[in-house]
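Colleague: Numbering that gives the first Met the number 0 puts the sequence shown at residues 0 to 427. Supplied in structure tokens, the structure appears directly below.
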Amino acid sequence: MNNIVVVGLGAVGLPLALCYALKDCLVYGVDSNQEHLKKIKTCTIDFQEDDNGKKINEIIREATEKGNLVLSTDIPEITQPGTVIMVVVPINVENGSLNINTVSQALKDVGKKLKQGDLVIIRSTVFPGFSEEVALPILERESGMQGGQDFYLAYSPERMSEGKAFEELRNIDLIVGGINQESVNQAIATLRIISPALVHVGKIKEVETSKIIENLQRDVNIALANEISYFLASKGISGKNCIRLANTHKRVNMLLPGPGVGGHCLPWAYYYLGHITRSPEELPLSRLSRQINDLTPQVIVNLIQNYITESSYDQDKIAILGQAWKDYSSNCRHSPAVRAKEILIEKGFQVVSYDPMAKSGLGVEVVNLEDCLENASVVIIPVIQKEFLSLDVAKIQRLIKPEALIIDLKELLNKEELVSAGYKVFSL
Ligand SMILES: NC(=O)c1ccc[n+]([C@@H]2O[C@H](COP(=O)([O-])OP(=O)(O)OC[C@H]3O[C@@H](n4cnc5c(N)ncnc54)[C@H](O)[C@@H]3O)[C@@H](O)[C@H]2O)c1
0 MNNIVVVGLG
10 AVGLPLALCY
20 ALKDCLVYGV
30 DSNQEHLKKI
40 KTCTIDFQED
50 DNGKKINEII
60 REATEKGNLV
70 LSTDIPEITQ
80 PGTVIMVVVP
90 INVENGSLNI
100 NTVSQALKDV
110 GKKLKQGDLV
120 IIRSTVFPGF
130 SEEVALPILE
140 RESGMQGGQD
150 FYLAYSPERM
160 SEGKAFEELR
170 NIDLIVGGIN
180 QESVNQAIAT
190 LRIISPALVH
200 VGKIKEVETS
210 KIIENLQRDV
220 NIALANEISY
230 FLASKGISGK
240 NCIRLANTHK
250 RVNMLLPGPG
260 VGGHCLPWAY
270 YYLGHITRSP
280 EELPLSRLSR
290 QINDLTPQVI
300 VNLIQNYITE
310 SSYDQDKIAI
320 LGQAWKDYSS
330 NCRHSPAVRA
340 KEILIEKGFQ
350 VVSYDPMAKS
360 GLGVEVVNLE
370 DCLENASVVI
380 IPVIQKEFLS
390 LDVAKIQRLI
400 KPEALIIDLK
410 ELLNKEELVS
420 AGYKVFSL
């Protein structure tokens, strides 16, 4: 039985740990956040993940009962040689600057427990040079051993998307780099336990950078989609339809526009790459794309302000359906929908929101769809949740004010029907 330690049981680390537990490895899942760990232990975690229909909490229950998953706040002392330790703790971005304290602490903890012959695989998204220039010195200092000789160190970023973790942890191609060939070989053998996917090997710094580029490419792509689509909307042309048509060309692959970009992968890519710039003039396209995506919630608020100035209502109630950072998610991290709500509250508007999956903890959140929509003169639909799919124009008509503004960024409702029912509709 392989011994695997997974440090950081978040959106990535927890399903990753479970994938190994499902392969009969003995997995030690470590998370320093006691409250979070308690939710995992009590199988009450709200991650929207399932493995072929089996919910994540059920998988946790079975793995712990079987003895394949052992949970704790500290890295255990393992006597068996050749332990694999995977680090899945993020580098945070605060006001545009990187904060490596959290991941450095995790690496210090790992270094203290390292033994001869162990393998450390960093799975987090990091800036170019992190593994060799930050992680390796910490591990060597704390363990008193030499990397590449006494222990092994590899980097293989996680490429999964929340909501599809189990499927993508197993099936997306893997990219791997290591401080020496033996580190790469051992890392591939470990990754192979759960994944039959292709493995591509590169220099460690190139692998680190390629992960950032994956995210940055989408951030820039969405900025272009948003720039085009918000511009075209003012001309009465659907940017989404245009992009769909353009994508029929085999060399065009644009993403669709929306309320902005959330989560902590895409919005942080520019800052990870920017960490190694020498001058603020470098990476202008990436920086501008980030600004465009950051400003999108403000663009939505501007639309509302213009509408309200012209509307005849004394009291404008703004209803936001969906607070998560992406469709069908329970996560509000850096959510553009939450940012739009925040700006509206700052401007003194009466705002309520409803999301059956994700609570933002900001302002008035109601517990059902009807309370959210009732008497609203503006409705924003930034993201979709399953429950919203049953919403139709007839139901809308029973609840919201006549001639209300509906900002439907997800094509949830039939635009023609809404317009003929007398609503003002903004869509992309
Ligand atoms: N979320 C995604 O969809 C996704 C996809 C691909 C890659 N990634 C990358 O994977 C990494 C992890 O992302 P995430 O979304 O799982 O993060 P997360 O914030 O959901 O989870 C990180 C976990 O690490 C724990 N932690 C922090 N310090 C610790 C320590 N010293 N010891 C033990 N646990 C500690 C936290 O309590 C938290 O539960 C990031 O680098 C991220 O960029 C994320």
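Using N, Cα and C, we set each Cβ at its ideal position, and we do this for glycine too.
Under 9 Å, do ILE395 and LEU412 count as touching if we go by C-beta distance?
Modeller: At a Cβ-Cβ threshold of 9 Å, ILE395 and LEU412 count as neighbours.
Colleague: Can you look up SER160 in the DSSP assignment and give me helix, strand or coil?
Modeller: Correct three-state label for SER160: coil.
Colleague: Let me check understanding here. Comparing Cα to Cα, which of ALA268, THR43, PHE129 and THR78 lies closest to GLU93?
Modeller: ALA268
Colleague: Closer than 8 Å to a non-hydrogen atom of ligand 1 - does that hold for the CB of ASP172?
Modeller: no
Colleague: How should LYS385 be labelled, buried or exposed, when 16 other C-beta atoms within 10 angstroms of its C-beta is the threshold for buried?
Modeller: Counting of Cβ neighbours within 10 angstroms places LYS385 among the exposed residues, the total staying below 16.
Colleague: Taking only runs that begin and end inside the stretch 38 to 120, name each unbroken alpha helix (DSSP H) of 4 or more residues, in chain order.
Modeller: 55 to 65 and 100 to 112
Colleague: Pick from SER426, PRO401 and LEU21: whose alpha carbon is nearest that of ILE192?
Modeller: LEU21
Colleague: Buried or exposed for THR72, going by 16 or more other Cβ atoms inside 10 Å?
Modeller: exposed
Colleague: Counting only the same chain and skipping the five closest in sequence on each side, list residues whose C-beta sits under 6 Å from that of GLU141.
Modeller: LYS107, GLY110 and LYS111
Colleague: Determine the DSSP secondary structure at ALA153, reduced to helix, strand or coil.
Modeller: In the structure shown, ALA153 sits in a strand (DSSP, three-state: E or B).
Colleague: Determine the closest residue to LYS70 out of ASN367, GLY238, GLU166 and LEU36, with distance taken between C-alpha atoms.
Modeller: A small correction: the amino acid at residue 70 is Leu; Lys does not occupy that position in the sequence shown. LEU70 has its Cα closest to that of LEU36, out of ASN367, GLY238, GLU166 and LEU36.
Colleague: In whole angstroms, what is the alpha-carbon distance linking SER288 and GLN185?
Modeller: 38 Å
Colleague: Going along the chain, which residues of its own chain have a beta-carbon closer than 7 Å to the beta-carbon of SER228, five neighbours each way excluded?
Modeller: GLY238, LYS239, PRO256 and LEU427
Colleague: For the alpha helix (DSSP H) holding GLN297, just list the boundary residues, first then last.
Modeller: Secondary structure note for GLN297: its alpha helix (DSSP H) is the uninterrupted segment 283 to 309.
Colleague: How big is the Cα-Cα spacing for VAL11 and ARG122?
Modeller: 9 Å
Colleague: What residue ranges within the stretch 190 to 236 form continuous beta strand (DSSP E) runs of no fewer than 3 residues, ordered along the chain?
Modeller: Runs found: 198 to 200.
Colleague: Looking at ALA336 and ALA323, is the spacing between their C-beta atoms short of 9 Å?
Modeller: yes
Colleague: Between the stretch 153 to 171 and the stretch 48 to 56, can you find at least three pairs of beta-carbon atoms closer than 8 Å?
Modeller: Segments in contact, yes.
Colleague: Can you look up VAL175 in the DSSP assignment and give me helix, strand or coil?
Modeller: In the displayed model, VAL175 falls within a strand according to three-state DSSP.
Colleague: With hydrogens ignored, establish whether the beta-carbon of ALA90 is closer than 8 Å to any heavy atom of ligand 1.
Modeller: According to the sequence displayed, residue 90 carries Ile and not Ala. Yes, Cβ of ILE90 sits closer than 8 Å to a heavy atom of ligand 1.
Colleague: Give me whichever residues DSSP pairs with TYR353 in a beta bridge.
Modeller: LEU320
Colleague: State the DSSP-derived secondary structure class of LEU147, mapped to helix, strand or coil.
Modeller: In the sequence as displayed, the identity of residue 147 is Gly instead of Leu. GLY147 falls in the coil class under three-state DSSP.
Colleague: From this set, ASN67, THR247, TYR327 and ALA222, which residue's C-alpha is nearest LEU294's C-alpha?
Modeller: ALA222
Colleague: Since VAL244 is in the beta strand (DSSP E), which residue starts that stretch and which ends it?
Modeller: Correcting the residue identity first, residue 244 is Leu in this sequence and not Val. Not the beta strand (DSSP E): LEU244 falls in the alpha helix (DSSP H), residues 238 to 245.
Colleague: Counting along the chain, where does the alpha helix (DSSP H) carrying LEU265 start and finish?
Modeller: 265 to 273
Colleague: Look up TYR19 in the DSSP assignment and say whether it is helix, strand or coil.
Modeller: helix
Colleague: Residues in the same chain with beta-carbon distance under 6 Å from PRO355, minus the five sequence neighbours each way, listed in chain order, please.
Modeller: GLN384 and GLU386
Colleague: Mind checking whether the beta-carbon of PRO266 lies closer than 8 Å to any heavy atom of ligand 1?
Modeller: Relative to ligand 1, the beta carbon of PRO266 is positioned no closer than 8 Å to any heavy atom.
Colleague: Rounding to the nearest angstrom, what Cα-Cα distance links GLN145 and ARG250 in this structure?
Modeller: 47 Å
Colleague: For ILE395, report the span of its alpha helix (DSSP H) as first-last.
Modeller: 392 to 398
Colleague: Please classify ILE342: does DSSP put it in a helix, a strand, or coil?
Modeller: helix
Colleague: Leaving out the 5 sequence neighbours to the left and right, which residues in its chain are closer than 8 Å to SER310 when beta-carbon positions are compared?
Modeller: SER376, GLU402 and LEU404
Colleague: Could you check where the beta strand (DSSP E) with ILE380 kicks off and where it finishes?
Modeller: 377 to 380
Colleague: With distances taken from CA atoms, which of GLY143, THR189 and GLN180 is nearest LEU173?
Modeller: THR189
Colleague: Is it buried or exposed for LYS210, if we count other Cβ within 10 angstroms and need 16 for buried?
Modeller: LYS210 comes out buried.
Colleague: Among the residues of its own chain, which have a CB less than 8 Å from the CB of ALA344, if the five just before and after it don't count?
Modeller: Contrary to the premise, residue 344 reads as Ile rather than Ala in this sequence. Answer for ILE344: VAL350, LEU361 and GLY362, listed in chain order.
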